Every structure is written in C-alpha cells, then in structure tokens.
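Worksheet: the structure to be examined is printed underneath.
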Amino acid sequence: MKIINHSIVTELISMELAYHSVESVMRMQSEGSVYLKPRTTKSFGDSKLLADMTASIPGMNVFGIKHYVVNNGHYFYYIYLYNFRDKNLLAILEAEEIGRYRTAAVTALAINKLRTNNMRNLAIIGTGFQAQQQLKSVIATNPDFEKIFIFSPNKNRRTKFVMDFRKLFSKQEFVNCDSMKDALIDSDVIITATNSSSPVINYDYLKDQYLIIGMGAATPYYIEIDEKTIANCNLVIADDIDQAKLESGDLLNPVSKGLLQWKDVIYFSDIFKPEFKLSYEKNKIFFKSLGIATWDVSIANDIYKKFINSN
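The opening position of the sequence shown corresponds to residue 3 in my numbering, with each subsequent residue numbered one higher.
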C-alpha cells in the first residue's frame, strides 16, 4: 500500500490527465458499468463535518472512497484506492488537488460537449479558490473563446485575477466587470464558482441562448442560479440526480415551486451516450456540477499508476 502525499499528487497531476481521466470514466458510466454512491455527510457541531462518497469502476479494476473532514473551515481530503478484484488497498492519496483539477476538468468537458459553434464569449462569476483552475482548464481545451468576462464583488481580488490571466493568455480579451449584469449580457457560456446563498445569475441579463455550469454551491441552502433561469431551460443536467436531490439548492428551489420536475433532469453521463443529440436551436442549458466520486477515483487511479511507473 502506497501513501501519495499532497506534494507528490501536485507533481503528478495535470490538466490533461484530469480531463482524459474524467472523459474515460464518463463514457464507462454512460454504458452503465460504474457504480456510484452519493455523498453522505455527518455534522458534529462546532463547524466539524465528515463526508464520504464512493465509486466502483470495474473497467479500471478499482473502487475507492473519497473521505474528507471539515474542522473550523479547514478541509482535509483523502482518497482510499482499492483493487477491484482482490480488494486490497492500493493507496491513500491526499486529495485536495485532485478535487480542484477534477472539478475544472468536468467544466471543460461539459463545455466541449454542450457548447454550440456560435457561443463565442465566456463569463466566470467568482474569483476564489476554484475559479483559477476552472478558467485555466476551460481555456486550455476551448482556446477560441474571444472575450472572457470576470465578475466578483471583491474588486481587488477581481482585478488581480484579471491581471494574472492577461499574463497567462494573450489570445483572449479579459474584461474586468463591475457588476453581474456587465458580465452576463454578452456572454454565451457562464461558469458560477461561488458559495453564494442568493442568486448570482439573473435571467433578465441573459442572451437568448446560454450554457451555464453551476459548480460552486453544493448545499440545499446556497442558490447561485435564479429560478427563472432554470424554468426557461430546455435542458437541465446533474452529475448525479440522487445527490442533487440532497444538495442542490439550484434545483431543489425550482422543483419545490413547480417550475421543474426531477423527471426532466438528465444525468451528465447521458450526454456521452451515442443516441444523445444536442439541439442547435436556441439552447438554454444548465449543468449542475456537485462533484461525484467516479471522477475522484478515476483520477486517483491514473495518478497511482503514474506513481508506480516512476518508482
């Protein structure tokens, strides 16, 4: 059994590894060959929480558990990776970077699968911990975005974020937006990377077609997307519907008001099925990305194999 610590994970992981790993496991999941158990959490008071999520991927000969602890706002992430056939523990990985890279890879993959050719401009709402990797991964796999609008209420952090990306990427125009409206009115693809308890998307500011990736809020009490936006979507996607029923305020809110029905929500894995066809007529799409264990276990397995091959 190997211990793969944070520094080794950081050395071995890459945007390319995360993207291809997530893409591979989603194709397996679309064929029904992956077992997934939604996240379960237990609060112990005083800002302490335990969470677990599991996945079994026979096609990769692994299964695993992602386990994390929250203690007074500090997060500690671990993945336990097992051999599927003999059930031996292969490795324990410190998983903070895996979570960051896999979430960004999923956003990039979703945009590649759901974006239409006339979607030229991108917006990201939020400039915090997750947002940088989100934007790096999206630009790496979608370099033809023309304008990228950036908004968060923290002006100093937003300005630094914009300046950093102007140095990293010279082909795109990065726009420092003073308001949500400024970020949305000319955007086709929108990423929300916040922990806001009130909507950061207003339907009245959106174009006639849009693709929104909501990856920030992951509790029933946080809502990034206003209900009117969800009600007007012609396609609503969740990475795992059972998990969304427990965690997604963005979907629970419109469902509770009769604006959306769970039967009309499809799984992220469904868009990898051969029969899935994307309409090119005025798409209004929302994808709720909460984070599922299949992504973590698949990437952990690729890092483990890379670690073994290099030692």
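Just so you know, even glycine gets a beta-carbon here, dropped at the ideal spot from N, CA and C.
Remember, predicted model here, so these are calculated numbers, not experimental data.
Environment of residue i [buried if 16+ CB atoms lie within 10 Å]
i, result
"Gln-174", "buried"
"Lys-265", "exposed"
"Pro-201", "buried"
"Phe-65", "buried"
"Met-3", "exposed"
"Arg-41", "buried"
"Met-55", "buried"
"Phe-1", "Here the chain comprises residues numbered 3 to 313, so residue 1 is not present and cannot be evaluated."
"Met-182", "buried"
"Gly-101", "buried"
"Glu-277", "exposed"
"Glu-229", "buried"
"Lys-162", "exposed"
"Phe-176", "buried"
"Ser-199", "exposed"
"Tyr-46", "Note that residue 46 corresponds to Phe in the displayed sequence, not to Tyr. When all chains shown are included, Phe-46 counts as exposed."
"Phe-131", "exposed"
"Ser-271", "buried"
"Gly-260", "exposed"
"Lys-279", "exposed"
Per DSSP, the bridge partner or partners of residue i
i, result
"Asp-54", "Thr-42 and His-69"
"Gly-47", "Lys-50"
"Phe-288", "Ile-214 and Val-238"
"Ala-125", "Phe-151 and Ile-192"
"Ile-59", "Val-64"
"Lys-4", "Ala-93"
"Leu-83", "Gly-66 and Ala-93"
Secondary structure of residue i, DSSP reduced to three states
i, result
"Phe-78", "strand"
"Tyr-103", "helix"
"Lys-138", "helix"
"Ile-187", "coil"
"Val-36", "coil"
"Ile-224", "The sequence shown places Tyr at residue 224, not Ile. If DSSP states are grouped into helix, strand and coil, Tyr-224 belongs with coil."
"Pro-21", "The displayed chain sequence assigns Tyr, not Pro, to residue 21. In this structure, Tyr-21 counts as helix in the three-state DSSP scheme."
"Phe-270", "helix"
"Ala-93", "strand"
"Val-202", "coil"
"Glu-175", "strand"
"Lys-209", "coil"
"Tyr-282", "coil"
"Asn-303", "helix"
"Leu-254", "helix"
"Phe-315", "What is shown of the chain runs 3 to 313, which leaves residue 315 out entirely."
"Asn-311", "helix"
"Asn-114", "helix"
"Asn-158", "helix"
"Lys-275", "coil"
"Lys-259", "coil"
"Ser-10", "It should be pointed out that residue 10 corresponds to Ile in this sequence rather than to Ser. Of the three classes helix, strand and coil, the one that applies to Ile-10 here is helix, per DSSP."
"Ile-243", "helix"
"Ala-219", "coil"
"Ile-294", "coil"
Cβ-Cβ separation, residue j to residue i (assumed contact under 8 Å), whole Å
i, j, result
"Met-28", "Phe-274", "5 Å"
"Ala-97", "Tyr-79", "4 Å"
"Thr-143", "Ala-110", "4 Å"
"Tyr-269", "Ile-243", "6 Å"
"Gln-245", "Leu-292", "5 Å"
"His-8", "Glu-99", "7 Å"
"Tyr-205", "Ile-187", "Not confirmed; about 12 Å, so no contact."
| field | Touching by the beta-carbon criterion (3+ pairs, under 8 Å), the segment 248–259 and the segment 301–310 | value | no
Do the segment 206–220 and the segment 180–197 touch if we need at least three Cβ pairs shorter than 8 Å?
-> Per the Cβ contact rule, the segment 206–220 is in contact with the segment 180–197 (3 or more Cβ pairs under 8 Å).
Between the segment 275–292 and the segment 225–236, can you find at least three pairs of beta-carbon atoms closer than 8 Å? The answer is yes - the segment 275–292 touches the segment 225–236, with three or more Cβ pairs under 8 Å.
Answer yes if the segment 101–109 comes into contact with the segment 13–31, meaning at least three C-beta pairs across the two stretches below 8 Å, and no otherwise. The segment 13–31 is in contact with the segment 101–109.
*asked:* When you compare the segment 243–251 with the segment 120–139, are there three or more beta-carbon pairs, one atom per stretch, that lie closer than 8 Å?
replied: no
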